[in-house]
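What follows is one structure encoded as structure tokens, with my remarks underneath.
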Amino acid sequence: MKTFAIVFLLAFGLSASAQSNAPRSIGKDLMVKPLPDLEGKEALVRANVYPPGTSNPPHRHDAHVFLHLLEGQLVVQVKGGQPVTLNPGDTYYEAPSDIHVVSRNPSDTVPAKALIFMVKEKGAPATTLVKD
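104 is the number of the first residue of the sequence shown in my numbering; add one for each residue after it.
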């Protein structure tokens, strides 16, 4: 019984460790600009790269998010919605209340690149991780 418990714990621990080491998207903020006509709001422009096999954990933005896919392919889904596969030239919108449950690059070889525009609360984080 001890051997079974040790094997189970090792297997579960290695599986959880492998999941936490999955590649994530890499974002670079290009501009943050206060929006004086929208009190307390700012715009954020970000370039994101999704390496092959990227799978981001569930998260939210608490912002109006407009994503334009430049290269590669991206599968996205918000809680309660259907998965959407984006191709170069496609755009996608997320509302401030949306929880982003799927954000992954389905390719094993080709990175995906996106230009993202957000309208959010001034000084608020662009992304917040959430539990499923």
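Where a beta carbon is used, it is the ideal one built from N, C-alpha and C, also for glycine.
Just reading off the beta strand (DSSP E) that residue i is part of, what are its end residues?
i          : result
valine 213 : Where valine 213 is concerned, there is no enclosing beta strand (DSSP E), given that its DSSP letter is neither H nor E.
How about residue i: is its Cβ closer than 7 Å to a heavy atom in the ligand MG?
i             : result
glutamine 176 : As far as ligands go, the structure on display features none, and thus does not contain the ligand MG.
Check the DSSP bridge columns for residue i and list the partner residues they point to.
i             : result
threonine 231 : Arg163
lysine 223    : Glu145, Ala166
Using a beta-carbon distance below 8 Å, is residue i in contact with chain D?
i           : result
proline 199 : Going by chain labels, chain D is absent from the structure shown, which holds only one protein chain.
Mind reading off the beta-carbon distance from residue i to residue j? Whole number of angstroms is fine, and I expect it under 8 Å.
i           : j           : result
proline 161 : proline 126 : Proline 161 to proline 126, Cβ: 16 Å. No contact.
lysine 216  : valine 152  : 5 Å
If we require 3 or more residues per run, which beta strand (DSSP E) segments fall completely within the stretch 129-209?
Listed in chain order, they are 129-137, 144-153, 166-174, 177-181, 187-189, 194-197, 202-207.
The stretch 177-196 contacting the stretch 221-229, beta-carbon criterion three pairs below 8 Å:
At 8 Å Cβ cutoff, the stretches do not touch.
May I ask you to verify whether the stretch 184-191 touches the stretch 130-150, counting CB pairs closer than 8 Å and requiring at least 3?
Contact fails: fewer than three Cβ-Cβ distances are below 8 Å.
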